[in-house]
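In this text, residue positions in the sequence shown follow my numbering: the first is 5, and each later residue adds one. Note that CB positions come from ideal geometry on N, CA and C, so glycine has one too.
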Amino acid sequence: MKEYAAFDAMGLAELVRAGEVSSKELLDEAVSRAHAAQSELNCFSSLYPDLAEAQLADLPTDGPFAGVPFITKDLAVMIDGAPLTNGSVSWKGHVSSQDSVLTERYRKAGLVMFGQTTSPEFGLTTTTESTLYGQTRNPWDVTRTSGGSSGGASAAVAAGVVPLAQASDGGGSIRIPAACTGLFGMKPSRGRTPMGPLQTEGWNGMSTVHAVSRTVRDNAALLDASHGRETGSRYVAPAPEGSFLEAVSRDPVPLKIALWRTAPNGTELSPEAAEGLKATGHLLESLGHTVVEAAPVLNGEELGKAALFTISANVAAAIDARSVMLGRDVREDELEPITFAMANLGRTVPMMELARANNLFNAAAITFERFLDDQKLDLILTPTLFRPPEKLGVLALTAS
Numbered sequence: 005m006k007e008y009a010a011f012d013a014m015g016l017a018e019l020v021r022a023g024e025v026s027s028k029e030l031l032d033e034a035v036s037r038a039h040a041a042q043s044e045l046n047c048f049s050s051l052y053p054d055l056a057e058a059q060l061a062d063l064p065t066d067g068p069f070a071g072v073p074f075i076t077k078d079l080a081v082m083i084d085g086a087p088l089t090n091g092s093v094s095w096k097g098h099v100s101s102q103d104s105v106l107t108e109r110y111r112k113a114g115l116v117m118f119g120q121t122t123s124p125e126f127g128l129t130t131t132t133e134s135t136l137y138g139q140t141r142n143p144w145d146v147t148r149t150s151g152g153s154s155g156g157a158s159a160a161v162a163a164g165v166v167p168l169a170q171a172s173d174g175g176g177s178i179r180i181p182a183a184c185t186g187l188f189g190m191k192p193s194r195g196r197t198p199m200g201p202l203q204t205e206g207w208n209g210m211s212t213v214h215a216v217s218r219t220v221r222d223n224a225a226l227l228d229a230s231h232g233r234e235t236g237s238r239y240v241a242p243a244p245e246g247s248f249l250e251a252v253s254r255d256p257v258p259l260k261i262a263l264w265r266t267a268p269n270g271t272e273l274s275p276e277a278a279e280g281l282k283a284t285g286h287l288l289e290s291l292g293h294t295v296v297e298a299a300p301v302l303n304g305e306e307l308g309k310a311a312l313f314t315i316s317a318n319v320a321a322a323i324d325a326r327s328v329m330l331g332r333d334v335r336e337d338e339l340e341p342i343t344f345a346m347a348n349l350g351r352t353v354p355m356m357e358l359a360r361a362n363n364l365f366n367a368a369a370i371t372f373e374r375f376l377d378d379q380k381l382d383l384i385l386t387p388t389l390f391r392p393p394e395k396l397g398v399l400a401l402t403a404s
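Encoded structure:
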C-alpha cells in the first residue's frame, strides 16, 4: 500500500468505512512497516500480530478509528496477553493478564493494537535507551535520540509505521520525543485520561497518558475517545465544552501569547532553539496573534529538587512492589545504575520533603494561573528543548 503513509488515522478509518481497504490489509501493512523500522531504528519492545488479528473478529465498526493499526508504549499500559516490561530487566518475561482502562477505551474506539514501543527503564530519562532493549534511533538522524521516554512511539510514527501512537509524560516524555522527531505531542491535564485499574495517577499526579501523532486532528479525536473519569479517581479534569475534535476544527480567534525565553533554572537557549522560538513567535504574529515577552517567577532549583524527590520515592515504591510480585528482592544487576541510585534516594526521602514537594507544585500552579490572569494571556510559548536532540549515549541511565 504505497498510499498508506499519506493518510492519518482518521483518514485510514474513512477508507475502512468506505470499503476501500480492509482492517486486515491495514494491519498487515503496519506490521510489515514495523519490522522494517525495527531493523533500522529499534523502536519496538514487542510485536504481537496474532493478538491483533484475534481482535479483528470483534472489532467495533462504529468507533472513530475502526480498523486502524495502533501501538502502545511499554510502560504501565496493559494489554491482556501481551508482554509488559517497563523497559527493565527486572520485568523481563512478564505478560499482562488484563487490559488497562485506557486500552479498553482504545478497543471501543476500534483501534487494533499490534505492538509495544520501547521506553527507557520506568520512563526515567529523556532518551529511549535501556540495557534490556538497547538504543532507539531517530529516523531523521540515526546517531541521535528520538527523545524519551516515549522515543519508541515517536520513532515509529515519524518512520511511517502508524500515524498515531500512545505515549505518556511525567516530565516531558510526550513533548520531548515529539520535538525530536517533528510530530505533534500533547500532555493532557491530570485527571483527563485514565491510568487504571491498578492506580489512577502516576508520580503523584505528575504523569499522564495520551499520544504522539502526525496530525493534530488525530490527537484530538483520540482524546475524545479516551478521556473521562475512571473508577476510583481522586480528581477529574473539567469536562470539555463540546468535543476536542470540534475545538481544533474551529477557526482560531486572536490570542495573546507570552514568549518565554529563559528557563526557571537559568539554562540558556542554543542558537537553534533561540531561532526556532523567534521564528515561531513571528509566525504567530503573522497569523494575527499578539506575542509579548513575559515569564512567571518560579524557583527552578527548588522545583527540580521537588521533582527528583517525588520521582525517586515512586521509583523505590515501584521496585519494592515488583519484589513482592517476584517473591524476592529485585537485584541491583536487574536495574540501570541511575535507577538503582534513584531507588536508594527514594527510600531515604523524608515524608516532610514529599509534603513540601506537593506544596511547591501547588504553589507553582497558582503562580502560573495568576500570571495568565494578570497578563490577560491565553498561551505561553516556550521551546521544548534547549538544544537539538542529543547523540545516543549521552542521556542513558547508564551514563556517568
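Contact between the segment 186 to 194 and the segment 52 to 72: three or more CB pairs below 8 Å?
-> no
Leu79 vs Met346 beta-carbon contact at 8 Å = On the sequence shown, residue 79 is found 75 positions in, with the first residue counted as 1. On the sequence shown, residue 346 is found 342 positions in, with the first residue counted as 1. Their beta carbons are not under 8 Å apart, which means Leu79 does not touch Met346 by this criterion.
Using three-state DSSP, classify Met190 as helix, strand or coil.
-> Here residue 190 refers to the residue found at position 186 of the sequence shown. Here Met190 sits in strand by DSSP.
Can you give the Cα-Cα distance for Ser237 and Gln203, rounded to whole angstroms?
-> Position 233 of the sequence shown, counted from the first residue, corresponds to residue 237. Position 199 of the sequence shown, counted from the first residue, corresponds to residue 203. Answer to the nearest angstrom: the Cα atoms are 9 Å apart.
Should Ala17 go down as buried or exposed, given a rule of 16 or more other Cβ atoms within 10 Å for buried?
-> Start at 1 with the first residue of the sequence shown, and residue 17 comes out as number 13. So Ala17 counts as buried.
Could you check the C-alpha separation between Asn366 and Phe313 for me, to the nearest Å?
-> If you number the sequence shown from 1, residue 366 lands on position 362. If you number the sequence shown from 1, residue 313 lands on position 309. Rounded to the nearest angstrom, the two C-alpha atoms are 15 Å apart.
Nearest chain C C-beta to Val213 closer than 8 Å, yes or no?
-> Protein chain content of the structure displayed is limited to a single chain, and chain C is not contained in it.
Closest residue to Asn269 among Thr284, Ala283, Leu307, Val334 (Cα-Cα distance) | Translated into the one-based positions of the sequence shown, residue 269 becomes position 265. Closest option to Asn269, Cα to Cα, is Leu307.
In chain order, what residues of the same chain lie with their CB nearer than 6 Å to the CB of Ile323, ignoring the 5 residues before and after it?
-> Start at 1 with the first residue of the sequence shown, and residue 323 comes out as number 319. If we look at Ile323 and ignore the five residues flanking it on each side, its Cβ neighbours are Val334, Ala347.
How long is the line joining the alpha carbons of Ser101 and Ala262, rounded to whole angstroms?
-> Within the sequence shown, numbered from 1, the residue matching residue 101 stands at position 97. Within the sequence shown, numbered from 1, the residue matching residue 262 stands at position 258. Rounded to the nearest angstrom, the two C-alpha atoms are 47 Å apart.
Can you give the Cα-Cα distance for Gly71 and Pro167, rounded to whole angstroms?
-> As a first step, residue 71 is located in the sequence shown; it is residue number 67 there, counting from the start. As a first step, residue 167 is located in the sequence shown; it is residue number 163 there, counting from the start. Roughly 13 Å between the two C-alpha positions.
Rounded straight-line distance, which links the Cα of Ser94 to that of Arg326 | Position 322 of the sequence shown, counting from 1, holds the residue named residue 326. Position 90 of the sequence shown, counting from 1, holds the residue named residue 94. Their backbone Cα atoms lie some 8 Å apart in a straight line.
May I ask which residues mark the beginning and end of the beta strand (DSSP E) holding Lys260?
-> In the sequence shown, residue 260 corresponds to position 256, counting from 1. Note, Lys260: beta strand (DSSP E), 260 to 263.
Stretch-stretch touch, CB-based, cutoff 8 Å, three pairs: the segment 117 to 128 with the segment 32 to 52 = yes
Is it true that the segment 159 to 174 meets the segment 138 to 151, where meeting means three or more beta-carbon pairs spaced less than 8 Å apart?
-> yes
Select from Pro258, Lys260, Leu226, Arg265 the residue whose C-alpha is nearest the C-alpha of Leu249.
-> On the sequence shown, position 245 is the one that residue 249 refers to. The residue with the shortest Cα to Cα distance from Leu249 is Leu226.
Cβ-Cβ separation, Lys77 to Gln170 (assumed contact under 8 Å), whole Å = Position 166 of the sequence shown holds residue 170. Position 73 of the sequence shown holds residue 77. Between Lys77 and Gln170 the Cβ distance is about 5 Å, and since that is below 8 Å, they are a contact.
Excluding the 5 residues preceding and the 5 following Thr284 in the sequence, name in chain order all residues of the same chain whose CB lies nearer than 8 Å to its CB.
-> In the sequence shown, counting from the first residue as 1, residue 284 sits at position 280. Leu385, listed in sequence order.
Quick one: what does DSSP say Pro341 is sitting in, helix, strand or coil?
-> Along the sequence shown, read from residue 1 onward, the residue named residue 341 stands at position 337. Correct three-state label for Pro341: helix.
How would you label Ala369, buried or exposed, when you count the other beta carbons within 10 angstroms and need 16 or more for buried?
-> By 1-based counting over the sequence shown, the position of residue 369 is 365. Exposed, since its Cβ has fewer than 16 Cβ neighbours within 10 Å.
Pairwise C-alpha distance: Trp264 and Pro68 | As a first step, residue 68 is located in the sequence shown; it is residue number 64 there, counting from the start. As a first step, residue 264 is located in the sequence shown; it is residue number 260 there, counting from the start. Each residue's alpha carbon lies about 37 Å from the other.
Where the alpha helix (DSSP H) containing Leu376 begins and where it ends = In the sequence shown, counting from the first residue as 1, residue 376 sits at position 372. Where Leu376 is concerned, the enclosing alpha helix (DSSP H) stretches over 355 to 378.
Who are Pro268's beta bridge partners in DSSP?
-> Working through the sequence shown from its first residue, we reach residue 268 at position 264. Per DSSP, none; premise fails for Pro268.
For Asn363, count neighbouring Cβ atoms within 10 angstroms of its own Cβ and tell me buried if that reaches 16, exposed if not.
-> Here residue 363 corresponds to residue number 359 of the sequence shown, with the count starting at 1. With fewer than 16 Cβ atoms within 10 Å of its Cβ, Asn363 is classed as exposed.
Can you give the Cα-Cα distance for Ala359 and Thr371, rounded to whole angstroms?
-> What you label residue 359 is simply residue 355 of the sequence shown in a count that begins at 1. What you label residue 371 is simply residue 367 of the sequence shown in a count that begins at 1. Rounded to whole angstroms, Ala359 to Thr371 spans 18 Å at the Cα level.
When Glu373, Arg218, Ala243 are compared against Ser230, the one with the closest alpha-carbon | The residue labelled residue 230 in the question sits at position 226 within the sequence shown. Among Glu373, Arg218, Ala243, the Cα nearest to that of Ser230 belongs to Ala243.
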